[in-house]
Structure formats: C-alpha cells, structure tokens
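Trainee:
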Amino acid sequence: MTTKLVTVTTGTPVARASRLLYAHRIRRLPVVDDDNILVGILGERAVASGLPSASTGSSSKEMANTLSKLTVGVLMHPEVLTVTPDITVESAMALAQENRVGCLVVVDNQYKPVGIVTTNDVIYRILSPLLGLGKPGVRLHIHDCGEVGQISQVTGLIEQHGMKLEVIHVDDSPITGKRDLIVQVVTKESDPLINDLTKQGYKVELRKRRSWPLSEDD
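Sequence positions in the sequence shown follow my numbering and run 37 to 254.
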C-alpha cells in the first residue's frame, strides 16, 4: 500500500484538490474531518465532472467565481470501502473486485487513514514480479503441463541444462480448459531445452516478451 497519503477536508476548494491530484500524480484523495477521521473520498473523475466548462456559456469571471466556491464536500463520495493494515492482499483484492472499485483506503482502529491500496499497487508490486516483468530470461509456454509430476519433470530438465529458473506459474487456459505451465529461464540459448521438452511430448511455445515503463502511480 501507499503510506504517503495526501488528504483533503470537506472544506478544501475543489480547485486546490485538482492541483494536488496533478502535482502528486494520483487519482484519488481521502477526505478527512478536523480530527483526521475518514469521511469520504474524492476521485479525479468527480473533480473533472464538477469543474465548470466554457461550453456552459458562462464567462471566465463567472466560472472562476463558481470554482472558488466549490468545495470537496460537494463532490466527494461519502461511502468509502476500507480495510485494516493486517488484511491479506487476496482478501483486499477480492473486496475491491466484488465492489468494482479501484482502491481501498487503509484505516487504523480510530478510522484514521494510514494508507491506500490500488489495483495498480497489486500489478506493480506483486503481479509484475510474479510474471517476471523486468527480469532477465526467456519465457516458455508449456501446454497441458500443470500437474505435479509434469512440473517436476520440467524443472528437472531445466536443472540438467544448468539454467536458472526465474519464474514459474500454472495458467488455467480458458480456451482448452487445461492447465499450462509458464516458466522463465535465464539462458542465452533455449532451443536445447525446448527440444528436450518436445521429445517428452510437450507442446512448447516461446513467448515474446514485451516491456513497458512501469509506474507506481495509482
């Protein structure tokens, strides 16, 4: 989770909240009262929808006057999904998916925000390492190879070839209904391993790896 929280109050001008979102490259702001108790959350979409637009026909002066009076309390969502710091990642993500939200505010026993966890946090900190993004090696997709004995056979061959196993996980194929094995091995030449796996009757696919800049921004 992100612990460097940027918060606002219900009386914070929306114009200032908008600047905070932009300056800190974040999408949501927990809203607190004078005692730092969580009372809502403000998202960038709510801010965008609440900002006056030139299409309304209002003059610049009128829009500026409206904007100066608009506060966070008007646009925030008072209902916030919260979790405690000791919740497991699996439980937190299940809660987020069940409620179709992109973030959960982490609160202490006094309902004061101590952090925020987003779906991007999970992708960046957990799924990216699990999938081997940013790690060296080649990825092999071994079809119909998800049973314990099969996995043991594959890892044994990897060891025989003196390769370092960087990532391994089982993927349930929605197309075939079978369990496939994904491995990422550090090697300059994967053909010998692929040939041996093919001889054992496995269909092996060399996956092309794409890289893109990862960001911790939520």
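Cβ coordinates follow ideal geometry from the N, Cα and C atoms, glycine included.
(1) Which word fits G86, buried or exposed, when buried means at least 16 other C-beta atoms lie within 10 angstroms of its C-beta?
(2) For R63, which of helix, strand or coil comes out of DSSP?
(3) From L233 to E115, what distance separates their C-alpha atoms?
(4) Any chance you could list the beta strand (DSSP E) runs of at least 3 consecutive residues sitting entirely within the segment 168-241, in chain order?
(5) Tell me whether V184 is buried or exposed, calling it buried when 16 or more other Cβ atoms sit within 10 Å of its Cβ.
(6) In the DSSP assignment, find the beta strand (DSSP E) that holds V42 and state where it starts and stops.
(7) Please state whether the Cβ-Cβ distance between L117 and V174 is less than 9 Å.
(8) Could you check which residue in H205, L193, G76 and I218 has the C-alpha nearest to that of P228?
(9) May I have the straight-line CA-CA distance separating M112 from A84, to the nearest angstrom?
(10) Among E126, I178, K148 and S127, which has the Cα closest to the Cα of V44?
(11) Going by DSSP in three states, L117 sits in which element: helix, strand or coil?
Mentor: According to the structure shown:
(1) Here residue 86 is taken as the residue at index 50 of the sequence shown, counted from 1. Burial call: buried.
(2) Position 27 of the sequence shown holds residue 63. Coil at R63, not helix or strand.
(3) By one-based count along the sequence shown, residue 233 stands at place 197. By one-based count along the sequence shown, residue 115 stands at place 79. Looking at the two C-alpha atoms, the distance is approximately 53 Å.
(4) List check, beta strand (DSSP E) in window: 174-178, 200-208 and 215-222.
(5) One-based indexing of the sequence shown puts residue 184 at position 148. Exposed: under 16 other Cβ atoms inside 10 Å.
(6) In the sequence shown, the residue the question calls residue 42 occupies position 6. From DSSP, V42 is part of no beta strand (DSSP E); its letter is neither H nor E.
(7) Stepping through the sequence shown from its first residue, residue 117 is reached at position 81. Stepping through the sequence shown from its first residue, residue 174 is reached at position 138. No, the Cβ-Cβ distance between L117 and V174 is not below 9 Å.
(8) Locating residue 228 in the sequence shown gives position 192, where the first residue counts as 1. Measuring from the Cα of P228, the nearest candidate turns out to be L193.
(9) Start at 1 with the first residue of the sequence shown, and residue 112 comes out as number 76. Start at 1 with the first residue of the sequence shown, and residue 84 comes out as number 48. Take the alpha-carbon of M112 and the one of A84: they are about 12 Å apart.
(10) Here residue 44 is taken as the residue at index 8 of the sequence shown, counted from 1. Cα-wise, what sits closest to V44 is K148.
(11) Taking the sequence shown and counting its residues from 1, one reaches residue 117 at position 81. Here L117 sits in coil by DSSP.
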